[in-house]
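Trainee: Quick one: the structure is below, and I'll ask about it shortly.
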Amino acid sequence: MESIAQEFLFLSELAKGIAAQFGEKCEVVVHDWSKPYDSTITIIENGHVTGRKAGDPGTNLGLEIMRGTSEGDNRHNYITQTADGRILRSTSMYVKNARSEIIGAVCINFDISDLMVAERTLQSLTGTSLQGVKESFVSNVNDLLDTLIQEAQDAIGKPLVHMNKEDKIRFLQTLDLKGAFLIKKSGEKVCAYLGISKYTLYSYLEESKASHHSEGGTDT
């Protein structure tokens with residue numbers, strides 16, 4: 000397969016089939032990475048599960064893979080949570096072309112919230128030993144950027160007013176590794192948040208990359 004568009008009809012039928020098999024609580028999403036990241040969702044069934052539709056952006060996990068921070072290995076049966084608190088059992092499978100380049104993804108998100116209510120009797124189905132993964136489902140790429148900014152803020156562990164230059168450099172490094180700067184016009188929002196100029200932003204990013212390499216880190 001060289002492109003998602005090439006197999007659009009097959010992938011559409013696959014998504015419909017999986018959704019029909021497991022019912023209205025099972026969301027199936029196909030991402031096309033040839034499109035801008037703020038509109039990678041090209042096929043979606045039962046989008047009400049995460050409140051998304053075709054033309055909406057991917058999640059933070061996909062963004063990290065596009066950035067090269069994560070390898071892009073398929074992930075099966077992990078636990079995520081929606082913004083309104085519902086628990087999902089998720090699987091993300093990455094579609095590659097003949098050159099082993101990731102061109103898209105097929106994702107399944109099954110809402111198990113009702114099963115979790117009956118956890119004692121449905122222990123074998125809810126799988127509380129499953130590893131939790133923080134994944135943000137958004138319908139607006141600006142919301143995704145807000146989430147990444149908040150995660151970077153949490154990683155620094157102090158309010159913006161108390162952040163010095165080194166803290167801001169680490170803040171930007173965290174955002175960069177999460178792929179935040181792949182989002183269109185993200186630099187403007189980050190500059191406004193930190194109260195710095197674009198020149199300072201680029202300068203700090205260069206310092207963060209130099210620091211990352213000196214500590215033995217590598218970009219992929």
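If you're matching positions, the sequence shown starts at 0 in numbering that gives the first Met the number 0 and goes up one per residue. Ideal placement from N, C-alpha and C gives every residue a C-beta, glycine not left out.
#1: Buried or exposed: H75, going by 16 or more other Cβ atoms within 10 Å of its Cβ?
#2: DSSP has V283 in a bridge; who is on the other side?
#3: What does the Cβ neighbour count give for D31, buried or exposed, with the cut at 16 atoms within 10 Å?
#4: So what's E12 in DSSP terms, helix, strand or just coil?
#5: Taking DSSP's pairing of strands, which residues face Y77 in a bridge?
#6: Determine the direct distance from the alpha carbon of G103 to that of F109, and round the result to whole angstroms.
#7: Does the contact criterion of 3 or more C-beta pairs under 8 Å hold for the segment 141-150 versus the segment 171-182?
#8: So, is K95 buried or exposed, given that buried needs 16 or more other C-beta atoms within 10 angstroms?
#9: Comparing alpha-carbon positions, which option in M0, I195, L204 lies nearest S99?
#10: With respect to the alpha helix (DSSP H) encompassing E23, which residues constitute its N-terminal and C-terminal limits?
#11: With S49 and E23 assumed to form a contact (beta carbons below 8 Å), what rounded beta-carbon distance in angstroms separates them?
#12: Report back the beta-carbon spacing between S207 and L171 to the nearest angstrom; my notes put them in contact at under 8 Å.
#13: Return the CA-CA distance between M162 and I86, expressed in angstroms with no decimal places.
#14: Can you tell me whether E134 is helix, strand or coil according to DSSP?
#15: If we ignore side chains and look at the alpha-carbon of each, how far apart do V140 and I17 end up?
#16: Within the continuous beta strand (DSSP E) that includes E44, where are the two ends?
#17: Out of curiosity, what's the CA-to-CA distance linking R88 and Q5?
Mentor: Put simply:
#1: exposed
#2: Since the displayed the chain opens at 0 and closes at 219, residue 283 lies outside it and no answer follows.
#3: buried
#4: helix
#5: S89
#6: 20 Å
#7: yes
#8: exposed
#9: M0
#10: That residue, E23, is in no alpha helix (DSSP H); it is neither H nor E in DSSP.
#11: For clarity, residue 49 is Thr in the given sequence; the question names Ser instead. Not quite, the Cβ-Cβ distance comes to about 13 Å (not below 8 Å), so this is no contact.
#12: 5 Å
#13: 34 Å
#14: coil
#15: 27 Å
#16: 40-44
#17: 29 Å
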